[in-house]
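So the structure is just underneath, and the comments pick up after that.
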Amino acid sequence: MSNLELLAILPQLILSLAIVLQLLLIAIKRSTLMIQAFTAISIVLAASAHYLILPAINTQSTILFYLDGFSIAISVLLLFCAFIVCLVSGRYLKVSQEVHDEYYVLLLLVTLGASLLAISNHFASVFLGLELLSIALIGMVGYLRNRRQTLEASFKYLILSATASSILLFGMAMIYAYSGNLNFHHISDSFLAANNPQMQLLFNAGSVLFIVGLAFKLSLAPFHMWTPDVYQGAPAPVSMLLATVSKTAIFAVLIKFWFFSVQYVTPIGEHQLLNVITFVAIASMLVGNLLALQQTNIKRLLAYSSIAHMGYLLIMLNVMSQQSLQLAWESGLFYLLAYCLATLLLFTFICQTSKANSEQDNDNWQHWNGLFWRAPVQAAAMMCALLSLAGIPLTAGFIGKFYIISTAVDNSAWWLLASLVIGSGIGLYYYLRIIFTLFAKADNQHLIKLNRLSHAVIVGLSITILIFGILPDVISDEVRFFALSKFG
Amino acid sequence: MILTQILIALFVGGIIAWAAENHRANMGRWISLLALLFSFGLLAEFAVENPLVFHQYVKLANSEWISAFNIYYATGIDSLSFVLIVLTLLLGVICVLVSWQEITDKVGFYYFNLMASIAGIVGVFIATDLFLFFFFWEVMLLPMTALIAIWGHENRIYAATKFFIFTQVSSLLMLIAIVALAFIHQQQTGNLSFDYFTLKQMAINPEVEFYIMLGFFIAFAVKLPSFPVHTWLPDAHTQAPTAGSVLLAGVLLKTGAYGLIRFVLEMFPQASSNFANVAVVLGVVSIIYGAKLAFAQTDFKRLVAYSSISHMGFVMLALFSFQQIAYHGAILTIVAHGLSSAALFSMAGMLYQRLHSRDLSLMGGMYSSAPRMGGMLLAFVAAAFGLPGLLNFVGEFMVLTGSFKSYPVHVVFAALGLIGSAIYGMYLFQQSFQGEAKHSITDLGKRELLICGSLLGLLICLGLFPELIFAYFPEQYVAAVNEMKISELTSTSVIGSK
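Sequence order for the protein chains is X and U. 1 is the number of the first residue of the first sequence in this note's numbering; add one for each residue after it. 1001 is the number of the first residue of the second sequence in this note's numbering; add one for each residue after it.
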């Protein structure tokens, strides 16, 4: 390995080293505060290492990893989300004499798995990253062993996640049988070399299975059944991790796989796989939004709305020409960013008003009644996040939706657009209901006062959402150039 | 720059009003009033200094906003925008005055929302970049929804949700149409553009043009509102606080009419003339349907709300008949309806303050105790059914006369709406102020007299001298617009097909 190749995976190396040090640290002294600080610092270090690795952009590091602008952007986003999760976990867990060192080890393992996914370019590394991510997450979902729902959630996630992994693996095997190589790049090459219908069938079947496996993890309809239960059962910071880090990383894999192999393997006009994606996207948008209507539990509601959001995101895969690729890329990145910011904000609030030792989290949004009049800043921040999820102007979510609509119009995806409009219309209803609850006449005292740190997190996130919504140009051309530098 | 200054003055005024209210009670309303008057002053000064600028649609500011999509912060003004901005600011003052004592709860935040909504509406009238237009279009809705949802009446959450979903979904269609236009421009020239003037010049495939026009049309028809997408309006109007209703009826509906003129008619003359038959029928149906349902209401505000649907139907009829006189009539109707419905809703608010009810069946015979109020109501009702001498008469008369040339049969039916409006108008007045005295109420106070008097004064003054408005519409401009439309018309559809 050359120096450049080593440099390219520097953030992942830092994370791995930090995990080992964490274990040592636990062996020496058990202190929750110390390990939390250590975790936060190592995430920050890994994130700042991205600045150092800029010279190594577009480098193949071993056959497993490829560092391109897109990976860097996703990876920074992942680390940012993990950092926020780490910050808000402290207060949530601090309720008993128990020491929670293991939680942070698992957190760092999830982060490492996710960031491996962001740079992986090979089925083997995808699988490794995915399993690292999922297995650590299963542990975290079941972390609060005294809660009844937690156990159920963790079992559900364990079984379905294992099923999804095996389907995924089967898909990979089929694609391998077709291309003879596990590298993403290689698939299209081998397609050009050998082209008979039977092989194509094998490839298509494999791709469908691979996409199904990812769809399970992304909780796209019709593979979404586990999502609400797991979101509800898991401790709030873990739901937050699941909703942001895990989804972003897996979506990044889907994007890469799609654009590297599928899109350019089949000639335009014969996109059978595109029909699958279109169906899944439309189903997700409608199912997610319709089921969210009934929820009174905010974690379940966010679970269903995340199904819908992943459906909106799938629209960016519908690319018909090389020219619109750049736009699709950009849309995906921006939408993921907007989605993560809003989700982080809402979950931060839920985490900070809940405690790990209570039977369940403070997740009934009816309890937020009249919050605006008692804690205007918090309520305004949450409103910002909700409006962003609904895609209303002044927020980042609107620009994200604008990007997605642009991509769809550019590629004449009228059916997807129609379901986007219908889905957003339904979505507005439940987001508005929550917002109106915030403004209702105050009548109860379910509010726990936030400490200064979580207040700062909430305000900071909402300001970021507003800035990206009003002045998206703050993402300067240089950053965009790097984030979108040609992959592959 | 001047337009941006007005926007900033309004918005910052709202924020200061919010902040000041927390320190000293009753500061909010004074600050809002001052901000509105200040913006009025800015606009007036600008108009006096540049009288020629209104003769055509000109860009006044153009700075880059979102470079990834080539979106600019671009504002411009012409006579149409100018008249509507004046109307907005004027009704803004009325809104502050009617809220003077009505709002006692969360006052600071109330004035912030009011001012933010007014700023958004002004923004809609001045944007010349389509993305910016859409942006303001949405910005004006958020605070409006808050006004309904927080300070509204018993059913406010339902009304606010309905209002928001109707307007959002329809405007999403408009957004798609806007994006489609921009991408067609990209296909033709190689770069994206959201600029109004650039896109207007563009030649589009007629079929595509029709669908894009439809996207815009639906958004504006919802806002106008036209049958069959009007159902949000009665709820929103009834549940909103008085100032909310005034703002909704007085200006927010006008953004729909403005959009029809500025975007649908001017950008897609061909597609709109093909669509004219449908639009005119929708207008006529709205006129008759609105009048019919208005008569069936027992709720004061609901009655006025349905009458709005009827009156805005005239605007739709006029705009799609492509006649110069009708076009003038539409603009007069817009202003007239803005003033008269604002007045009627203010009266409704004043009655509600005294009786705590909007139910007409509980009212009656109040003339003896409140003659001044009764007189004012009679005058506004008369304005609404088009008594000569008041502005509404001139507007509707011109609409009917103008449209008769292209749509004689439709106009005959539309004219029935006038009879309907006389019936529901008299019903309204008779139920509330005549007959057996059921209540004795206090008469109008000084502030209320100021509100009613100024609106009535304007209605009479403009009714007698409608040229005061047309003075801002220089001949050559209107003639040019209509020449284009008439030439389109004769060459293609409506007249040609007869």
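Note that CB positions come from ideal geometry on N, CA and C, so glycine has one too. Note that the structure is predicted; figures quoted are calculated from it, not measured.
Alpha-carbon spacing of residue i relative to residue j, whole angstroms
i: U/S1039; j: U/K1438; result: 44 Å
i: X/F127; j: X/A162; result: 12 Å
i: U/L1450; j: U/F1164; result: 33 Å
i: X/E469; j: U/G1120; result: A quick correction: the sequence has Gly, not Glu, at residue 469 of chain X. So the two alpha carbons sit approximately 16 Å from each other.
i: U/I1006; j: U/T1161; result: 30 Å
i: X/I465; j: X/I392; result: 12 Å
i: U/T1298; j: U/A1370; result: 21 Å
i: U/F1210; j: U/S1403; result: 23 Å
i: X/R145; j: X/A243; result: 21 Å
i: U/N1026; j: X/S42; result: 53 Å
i: X/A153; j: X/D229; result: 6 Å
i: U/L1147; j: X/T348; result: 29 Å
i: U/Y1477; j: U/H1055; result: Unreliable placement is indicated for U/Y1477, whose pLDDT of 42 sits below 50; no coordinate value is reported for it.
i: U/H1311; j: U/T1333; result: 8 Å
i: U/M1174; j: U/K1301; result: 30 Å
i: U/S1032; j: U/A1009; result: 10 Å
i: U/A1326; j: U/F1112; result: 38 Å
i: X/F123; j: X/N183; result: 6 Å
i: X/P11; j: X/R148; result: 37 Å
i: X/S569; j: U/F1345; result: For residue 569 of chain X there is no data in the structure shown, the boundaries of chain X being 1 and 488.
i: U/G1041; j: U/W1018; result: 22 Å
i: X/L417; j: X/L336; result: 18 Å
i: X/S166; j: X/N357; result: 35 Å
i: X/R30; j: U/V1107; result: 53 Å
i: X/L461; j: X/C340; result: 10 Å
i: U/F1133; j: U/I1118; result: 15 Å
i: U/S1340; j: U/F1433; result: 18 Å
i: U/E1045; j: U/D1195; result: 28 Å
Same chain, Cβ closer than 7 Å to residue i, neighbours up to 5 away in sequence not counted
i: X/M383; result: I435, L438
i: U/L1416; result: I1288
i: X/V377; result: V459
i: U/L1084; result: F1125, K1254, Y1258
i: X/H100; result: T32, L93
i: U/A1305; result: L1233, P1234, H1237, T1238
Counterpart residues of residue i in DSSP-defined beta bridges
i: U/D1443; result: Bridge partners of U/D1443: none, in fact.
i: U/A1061; result: U/T1075
i: U/D1129; result: U/D1195
i: X/N364; result: X/N297
i: X/N204; result: Answer by DSSP bridge pairing: none, since X/N204 is not bridged.
Residues of its chain near residue i, where Cβ-Cβ distance is below 8 Å and the 5 sequence neighbours each way are ignored
i: U/L1199; result: L1130, L1181, A1182, H1185, S1193, M1267
i: X/V276; result: V208, I211
i: X/V238; result: L137, M140, V141, Y143
i: X/M285; result: A308, G311, Y312, S419, L420, I422, G423
Residues near residue i in its chain [Cβ-Cβ closer than 6 Å; skip 5 each side]
i: X/M316; result: A328, S331, G332, T407
i: X/V245; result: L78, C81, A82, A114
i: X/G269; result: Confidence at X/G269 is low in this model, with a pLDDT of 46, below 50, so the placement of that residue should be treated as unreliable; the coordinate-derived value is given next. No residues qualify anywhere along the chain.
Under 9 Å by beta carbon: chain U residues contacting residue i
i: X/S284; result: What X/S284 touches in chain U: nothing, since even the nearest Cβ is about 18 Å away.
i: X/S424; result: Q1168, V1169, L1172
Interface residues of chain X facing residue i [CB-CB closer than 9 Å]
i: U/T1161; result: L428, Y429, L432, R433, F436
i: U/L1142; result: L387, I392, P393, L394
Chain-ordered chain X contacts of residue i [CB-CB under 7 Å]
i: U/E1138; result: I392, P393
i: U/A1149; result: F436, F439
i: U/Q1188; result: Those do not exist, as U/Q1188 stays about 14 Å from chain X at its closest Cβ, beyond 7 Å.
i: U/I1204; result: Neighbours of U/I1204 on chain X: none; closest Cβ ~14 Å, over 7 Å.
i: U/I1157; result: F436
Where residue i meets chain U, residues with beta-carbon distance less than 7 Å
i: X/D410; result: F1183
i: X/I405; result: L1175, I1176, V1179
i: X/L417; result: I1176
Neighbour flag for residue i against chain B, beta carbons, 8 Å
i: X/V421; result: In the structure shown, chain B does not exist; the protein chains are X and U.
Proximal chain X residues relative to residue i, where beta-carbon distance stays under 8 Å
i: U/A1180; result: V409
i: U/F1164; result: L428, L432
May I have a chain-ordered list of the alpha helix (DSSP H) segments no shorter than 4 residues that lie completely inside the stretch 1213 to 1299 of chain U? 1232 to 1239, 1242 to 1247, 1253 to 1259, 1269 to 1295
List, from N- to C-terminal side, the alpha helix (DSSP H) runs of 4 residues or more that fit wholly inside the stretch 47 to 127 of chain X. 69 to 93, 101 to 119
At 4 residues or longer, and completely inside the stretch 1383 to 1420 of chain U: list those alpha helix (DSSP H) runs for me, N to C. 1391 to 1404
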